[in-house]
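K.L.:
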Amino acid sequence: MPKSLREFEAKWSRRTDPLCFSGVWRFRELLPFAEPTQVLTIGEGQTILQRADSVAAYVGMKAGQLYLQYEGLNPSGSFKDNGMTAAFTHARMVAARRAACASTGNTSASLAVFCSATGLMRAIIFIGSGKISYGKLAQALDHGALTIQIAGDFDDAMVRVREVAGRLGIYLVNSVNPFRLEGQKTIMYRVLEALNWEVPDWIVVPGGNLGNVSSFGKAFAELFELGLISRRPRLAVINAAGADTFYQLFEKHKLRWNGGQPDQRLIDAYYHALDQENLRAATLASAIEINRPVNLSKALRALEACNGVVREVSDQDMLDAKAKVGAGGLGCEPASAASVAGLKKLRQEGVVDPNERVVCILTGHQLKDPTATVAYHSSDPKTFDEVLGQRGVRRASFANRAVRVPNDLDEIIKAIEVYA
Ligand code: F0G
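Residues 21 to 440 in the numbering used here are what the sequence shown lists, from first letter to last.
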């Protein structure tokens, strides 16, 4: 075990070794469940932390205080690859031949990429009908995964995949798989590394199945216990308002980790009420369109360890924040922008101070969901309404509309002189 986090810097000079190149496995000592010879890597985790002053101004932070951790740079375009490399390593240790997941699209894309890149297992993917964006569906199909579209949503698909995996002995790679969460801890190690090993004040992350927040909390609790950091950052989890179980249970019903005994009756009663009213998750941020997060109790533990809070944001707020992130230099999908929209809310409430140092996690790439982006920037009211208006989005305050011109040199030049 390293005596200081700085010791990991020695790995940079050994980048020709895949275990030192990987943004996950160069921290191997902090997730020590596999022998080096067992590790399966495709070069995941080469991601960046970028200072984002224009986004800082948008959310009300001082310049230099907001950073975006861009996980869209992973091979499959989302943070999932950090966990998938760990799950695949474990799958190899137990000689699995088939792997399955239920997914809102990114876990399935990551599974499909890892299967096609390594040939280790056959991918079986469960998705809800009409619940997955085109970029992600394209990845599952292109990478050759067996794609099963069930008549239902993610929460239904999750129940079914657990049944099927149990019955057929298929390796499950959803974030109920603890090795996934081990891999995702490294997102936090890379944030610390990019900040020269200084701990930020806040980590802000979108919440869906609550794998990330659970994993981040574990990462910081362990580093603190090992004496490798002297304090822990605070965690903020951001739900979509249309899929806000964690917000409701934590902030409204005051559900807590309670030493490992969260109040199960409270949880059961909440889900029972959802069923009674036939309330399903509904948000444009399809990645986090989840009402029954599988990592609920681990997430409670994370919030306890890192003095966390939960907030919810509207689809409108997410899409506006997404446009600001894009204009600031990094492209993300709607769910990722929940982190920025949530930070804006926390600034307005005064929970986050403008002088604190904050890291928002951009979980997935812009090209994952081009439909929402194009509709937001469209000047055609019909396109806007079909994709966004019908889901309650009213404005595109930061739209960058295409300029239509005749195919005529003078007209084109005139347009450029007017607009640029
Ligand atoms: N952001 C993106 C882009 C995601 O794809 C997900 C989850 C999350 C945030 C939420 O992360 O589950 O750790 O709280 N996507 C899963 C999937 C559910 O199937 O791809 P979480």
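From the three backbone atoms N, C-alpha and C, an ideal C-beta is built for every residue, glycine too.
Keep in mind the model is a prediction, meaning the values are calculated, not measured.
Run the proximity test for Ala302: is its beta-carbon closer than 6 Å to any non-hydrogen atom belonging to the ligand F0G?
P.N.:
no
K.L.:
For my contact list, Thr61 and Ser42 are in at a C-beta cut-off of 8 Å; report their separation, rounded to the angstrom.
P.N.:
4 Å
K.L.:
Over the uninterrupted beta strand (DSSP E) stretch that includes Val225, give me the two end residues.
P.N.:
Trp222 to Pro226
K.L.:
Can you list, in chain order, the stretches of the beta strand (DSSP E) that have 3 or more residues and sit fully within the stretch 347-390?
P.N.:
Taking only runs of at least 3 residues, the beta strand (DSSP E) segments lying wholly in the stretch 347-390 are 378-382.
K.L.:
Using C-beta distances below 6 Å, list every residue in its chain close to Ala361, excluding the 5 sequence neighbours before and after it, in chain order.
P.N.:
Val333, Asp337, Met338 and Ala341
K.L.:
Give the straight-line distance between the Cα atoms of Lys381 and Lys100, rounded to the nearest whole angstrom.
P.N.:
The sequence shown places Ile at residue 381, rather than the Lys named in the question. If you take the alpha carbons of Ile381 and Lys100, they lie about 13 Å apart.
K.L.:
What residue range is occupied by the uninterrupted alpha helix (DSSP H) comprising Cys326?
P.N.:
No alpha helix (DSSP H) contains Cys326, which DSSP labels as neither H nor E.
K.L.:
Could you work out which residue in Cys121, Phe270 and Leu166 is closest to Glu183 when comparing CA atoms only?
P.N.:
Cys121
K.L.:
Could you name the residues of the same chain whose beta carbon sits closer than 6 Å to that of Ser235, not counting the 5 residues immediately before and after it, in chain order?
P.N.:
Excluding residues within five positions, the ones whose Cβ falls inside 6 Å are Leu201, Gln204 and Lys205.
K.L.:
Return helix, strand or coil for Leu259, following the three-state DSSP convention.
P.N.:
Strictly speaking, residue 259 in this sequence is Asn, with Leu absent from that position. In this structure, Asn259 counts as strand in the three-state DSSP scheme.
K.L.:
How many angstroms separate the CA atom of Phe28 from the CA atom of Leu215?
P.N.:
Each residue's Cα considered, the two are about 14 Å apart.
K.L.:
For the ligand F0G, is there a heavy atom less than 6 Å away from the beta-carbon of Asn298?
P.N.:
Here the distance from the Cβ of Asn298 to the nearest heavy atom of the ligand F0G is not below 6 Å.
K.L.:
Exposed or buried, which one is Leu86 when buried takes at least 16 other CB atoms within 10 Å?
P.N.:
Answer is buried; the Cβ neighbour count reaches 16.
K.L.:
Relative to the alpha-carbon of Ala343, which residue among Ala355, Ala185, Gly237 and Ala419 has its alpha-carbon at the smallest distance?
P.N.:
Ala419
K.L.:
Provide the residue span of the beta strand (DSSP E) that contains Ala143, from first to last.
P.N.:
Arg142 to Gly148
K.L.:
Closest to Gly65 by CA distance: which of Cys40, Tyr78 and Phe53 is it?
P.N.:
Cys40
K.L.:
Short of 8 Å in beta carbon distance, which residues of its chain neighbour Arg112, apart from the five on each side in sequence? Order them along the chain.
P.N.:
Gln58, Leu60 and Leu140.
K.L.:
For Pro313, count neighbouring Cβ atoms within 10 angstroms of its own Cβ and tell me buried if that reaches 16, exposed if not.
P.N.:
Buried, since its Cβ has 16 or more Cβ neighbours within 10 Å.
K.L.:
Counting beta carbon pairs with one atom in the stretch 222-231 and one in the stretch 371-380, are three or more of them shorter than 8 Å?
P.N.:
yes
K.L.:
Residues bridged to Leu25 by DSSP?
P.N.:
Answer is none; Leu25 lacks a bridge partner.
K.L.:
Which residues mark the beginning and the end of the beta strand (DSSP E) in which Ala120 is found?
P.N.:
Arg118 to Ser123
K.L.:
Indicate the three-state DSSP secondary structure (helix, strand or coil) for Val181 in the structure shown.
P.N.:
helix
K.L.:
Which residue wins for smallest C-alpha separation from Leu387, given the options Val44, Pro22, Ala129 and Met104?
P.N.:
Ala129
K.L.:
Does the ligand F0G have a heavy atom nearer than 6 Å to the CB of Leu161?
P.N.:
Outside the cutoff, so no.
K.L.:
Return the chain-ordered list of same chain residues with a C-beta closer than 7 Å to the C-beta of Cys326, the five sequence neighbours on each side being excluded.
P.N.:
Gly237, Phe240, Arg252, Pro253, Arg254 and Leu255
K.L.:
Does the Cβ of Gln230 lie closer than 6 Å to at least one heavy atom of the ligand F0G?
P.N.:
The question names Gln, but residue 230 in the sequence shown is Leu. Answer for Leu230: yes, Cβ within range of the ligand F0G.
K.L.:
Classify His292 as buried or exposed, calling it buried when 16 or more other Cβ atoms lie within 10 Å of its own Cβ.
P.N.:
exposed
K.L.:
Report whether the distance from the Cβ of Thr206 to the nearest heavy atom of the ligand F0G is below 6 Å.
P.N.:
no
K.L.:
Is any heavy atom of the ligand F0G found at a distance shorter than 6 Å from the C-beta of Asn126?
P.N.:
yes
K.L.:
Got a sec? Which residues, its chain only, sit under 8 Å from Tyr290 by beta carbon, not counting five neighbours each side?
P.N.:
Thr265, Gln268, Leu269 and His273
K.L.:
Are the CB atoms of Gly346 and Ser98 within a distance shorter than 7 Å?
P.N.:
no
K.L.:
Here's the rule: buried if 16 or more other CB atoms are within 10 angstroms of the residue's CB, otherwise exposed. What is Thr105?
P.N.:
Thr105 comes out buried.
K.L.:
Alpha carbons only, please: which of Ser398, Cys135, Asp400 and Thr391 is nearest the one belonging to Ser153?
P.N.:
Thr391
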